[in-house]
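Engineer:
In my numbering, the protein residues as written are 1 to 69.
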């Protein structure tokens, strides 16, 4: 997802990138506590890529995390 975004932004610059319900992308993959470490690593990798995109393309990144209680 993010790799395609970087390629698109190189052609069509954005000023703001909004990602809604960020954690929900990873929540469906976790079935138990034993998988939390893997989920955290994937989330950290995604955040690292977003930081690189923000810096490289000078774009603001806004992330939300809708909590379903």
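Every residue, glycine too, gets a C-beta built ideally from N, C-alpha and C.
#1: Going by CA-CA distance only, name the one from 65, 57 and 43 that's closest to residue 11.
#2: Specify the secondary structure class of residue 36 as computed by DSSP and reduced to three states.
#3: Where does residue 17 fall in DSSP's three states?
#4: Using only the alpha-carbon positions, how far apart do residue 15 and residue 37 sit?
#5: Use the C-beta contact count for residue 53: other C-beta atoms within 10 angstroms, 16 or more gives buried, fewer gives exposed.
Structural biologist: Answer, in terms of the structure:
#1: Counting from one through the chain shown, the residue named residue 11 turns up at place 11. Nearest option by C-alpha distance: 57.
#2: By 1-based counting over the chain shown, the position of residue 36 is 36. Residue 36: helix per DSSP, three-state reduction.
#3: For the purposes of this step, residue 17 is taken as residue 17 along the chain shown, with counting starting at 1. The answer is strand: DSSP assigns residue 17 an E or B state.
#4: Numbered from its first residue, the chain shown carries residue 15 at position 15. Numbered from its first residue, the chain shown carries residue 37 at position 37. Roughly 33 Å separates the two Cα atoms.
#5: Here residue 53 is taken as the residue at index 53 of the chain shown, counted from 1. Label assigned to residue 53: buried.
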